[in-house]
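Residue numbering for the sequence shown follows my numbering, beginning at 1 and increasing consecutively. Notes for the one structure printed next.
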Amino acid sequence: MRGHRKGGVVAAALLLSACAGSVIPPSAGGPTSGPPAPTPTSPSPATEVAARPTPATPRPTLSVDAPTPPGIDTTTAAGLGVTRGPAIADLLPSGARSRQALIAFRLSCPSLMRRTDQSGLTRGSDWNTACSAASSWPDSSASEFFSRYFEAVQVGDGAAFVTGYYEPEIAGSRSRQPGYAVPIYRRPPDLVDVDLGLFSDSLKGRSIRGKVQGTKFIPYDERSQIVAGSLAGRGLELAWAADPVEFFFLQIQGSGRLRLPDGGVMRIGYDGQNGRDYTGIGKLMKDRGLIQAGSMQDIMGYLRANPEKGAAIMNENKSFVFFREITGPGPLGAMGVPVTPEATVAADPKYIPMGAPVLLSLDRAEPNGIWIAQDTGGAIKGANRFDSFWGAGARARAIAGGMSARGSALILLPIGSAARLTGR
């Protein structure tokens with residue numbers, strides 16, 4: 001869904017490491033002076049704050065059975081190693097989170113049973129029994145479903161770090177008009193993806209993006225070039241945003257809704273990124289002492305209060321996200337199915353099977369419980385790193401914008417998987 005997630009989108013409260021962002025400076029048709037005014041669909045920047053966390057005590061991680069031997073490839077869960085977890089019946093909370101997780105799991109099943117698991121933990125056929133049962137299992141007893149068909153394993157040390165993302169809604173227009181001057185670009189036709197594995201076995205799994213110039217393949221335009229107008233006049237404008245700061249955060253999320261002048265809604269989704277490295281401005285700003293907590297709300301407050309300095313900071317991020325219009329259910333995650341509010345997490349598919357349930361126990365109560373790994377993200381790398389999806393609206397924005405939680409994670413795999421993986 002999110003920018004580099006797509007997208008796409010965020011360590012230490014969403015923006016310390018995430019997906020691409022863009023702000024249009026005055027020279028490119030944005031506001032000419034002063035901080036951008038709040039849009040009709042956004043909270044006032046003077047009052048917007050991250051949701052106050054509800055503290056919780058996380059379940060301790062498990063003692064690792066044995067250290068990983070030297071020379072073992074630890075770039076997947078199978079190589080890193082797993083530890084058999086406890087019986088999960090007493091660990092599974094009942095209620096809305098589990099019900100939503102069961103609904104999300106059903107959506108994942110068709111893809112889950114046929115896709116290759118990059119983590120090395122499961123085979124497609126492993127999921128057949130659980131998916132067959134899920135199709136008719138009553139939502140009201142979702143916890144019993146998970147405890148009957150799954151067992152827990154811990155990947156690596158099990159130490160989890162969880163951030164949050166949401167589907168933003170900002171003011172936008174299908175055509176440029178007064179008050180809507182920030183271009184939202186389609187994917188340019190000259191943006192080329194190159195699979196490096198086609199050229200060398202040592203580069204399998206790696207790819208780059210760029211463009212052809214003469215007889216050379218070169219990096220694509222960086223963000224500062226694009227916001228200065230390098231794509232203008234090519235008919236690539238999909239729509240126009242009213243507020244460059246709000247559009248910046250929509251790019252980080254990788255998809256969102258445009259509230260049109262006539263009251264209608266246009267949904268847009270990720271359609272590529274320029275291939276440039278992402279620089280998380282939240283971490284950059286925090287390291288420079290410009291903000292304290294590093295939440296989305298802190299970052300947005302600084303950008304609005306210091307528009308010229310903010311634009312310069314954001315130009316240090318060379319990454320830029322392109323969009324397409326989305327119709328039908330959405331937003332879509334990396335599995336090609338709609339992500340489910342408060343049930344979908346983004347994870348690294350090299351360590352978590354896409355579609356697998358994840359049981360989180362964190363120092364913040366809101367994310368605790370079962371989630372389904374249905375999405376990925378450029379900043380969501382490594383074992384036990386997750387990004388939780390909170391949906392749309394003010395509540396989702398407040399929670400996701402300040403989400404930063406640590407604790408433990410267990411992966412729920414079909415019964416029988418743990419014995420195959422651990423040898424016991």
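C-beta: ideal position from N, C-alpha, C; glycine also.
| Query | Result |
| --- | --- |
| Met-113 - containing beta strand (DSSP E), residue span | Here Met-113 belongs to no beta strand (DSSP E), and DSSP marks it neither H nor E. |
| Cβ-Cβ distance between Ala-134 and Phe-105 below 8 Å | yes |
| Simplified DSSP assignment, three categories, for Ala-418 | helix |
| Distance between Ala-142 and Ser-94 (C-alpha atoms, nearest Å) | 7 Å |
| Reduced DSSP category for Tyr-302 - H, G, I as helix; E, B as strand; rest coil | helix |
| Simplified DSSP state of Gly-235, which is helix, strand or coil | coil |
| Euclidean distance between Cα positions of Met-266 and Pro-367 | 29 Å |
| 8 Å CB neighbourhood of Ile-88 in its chain, flanking five on each side removed | Phe-146, Ser-147, Phe-150, Glu-151, Ala-152, Leu-359, Leu-410 and Leu-412 |
| C-beta neighbour in chain C for Val-192, strict 8 Å | The structure shown contains no chain C; it is built from a single protein chain. |
| C-beta contact flag for Val-155 and Gly-254 at 8 Å | no |
| Of the residues Asp-193, Met-296, Arg-259 and Arg-114, the one placed nearest Ser-404, counting alpha carbons only | Met-296 |
| Local Cβ density within 10 Å of Ile-231, reported as buried at 16 or more and exposed below that | Before going further, note that residue 231 is Leu rather than Ile in the sequence given. So Leu-231 counts as buried. |
| Unbroken stretches of the beta strand (DSSP E), 3 residues or longer, contained in the segment 233-268 | 237-241 and 255-259 |
| Counted within 10 angstroms of its Cβ, other Cβ atoms place Pro-414 as buried (16 or more) or exposed | buried |
| Cβ shell of Asp-193 (< 7 Å), same chain only, five flanking positions each side left out | Ser-207 and Arg-209 |
| C-alpha gap between Arg-420 and Arg-97, whole angstroms | 30 Å |
| Contacts around Ile-103, its chain only, beta-carbon distance under 8 Å, and the 5 residues preceding and following it disregarded | Asp-139, Thr-340 and Ala-343 |
| In DSSP terms, what Gly-210 is bridged to | Val-192 |
| The alpha helix (DSSP H) enclosing Pro-307, as first and last residue numbers | 307-314 |
| 8 Å Cβ shell around Pro-168 - same chain, five flanking residues per side excluded | Glu-246, Phe-249, Leu-250, Gln-253, Gly-256, Arg-257, Ala-392 and Arg-397 |
| Beta bridge counterpart(s) of Trp-371 as assigned by DSSP | Val-358 |
| Beta-carbon proximity of Phe-323 to Ile-226, cut-off 8 Å | no |
| Buried versus exposed, by CB contacts within 10 Å (16 or more), Gln-374 | buried |
| Coil, strand or helix - Gly-391 by DSSP | strand |
| Distance, Ser-388 Cα to Arg-84 Cα | 24 Å |
| Where the alpha helix (DSSP H) containing Arg-84 begins and where it ends | Run containing Arg-84: none in the alpha helix (DSSP H); it sits in the beta strand (DSSP E), 82-84. |
| DSSP state of Ile-352 mapped onto helix, strand, coil | coil |
| Start-to-end residues for the beta strand (DSSP E) that takes in Lys-216 | 216-218 |
| Beta-carbon spacing of Arg-123, Ser-408 below 8 Å | no |
| Burial state of Leu-362, where buried means 16 or more other Cβ atoms lie within 10 Å | buried |
| Beta-carbon separation (whole angstroms), Gly-355 vs Ser-108, contact threshold 8 Å | 4 Å |
| Element boundaries [beta strand (DSSP E), containing Gly-280] | Run containing Gly-280: none; DSSP gives neither H nor E here. |
| Closest by C-alpha distance to Gly-81, when choosing among Lys-350, Ile-380, Ala-379 and Phe-199 | Lys-350 |
| Three-state secondary structure (DSSP) of Gly-271 | A small correction: the amino acid at residue 271 is Asp; Gly does not occupy that position in the sequence shown. Here Asp-271 sits in strand by DSSP. |
| Burial state of Thr-163 (16 or more Cβ within 10 Å) | buried |
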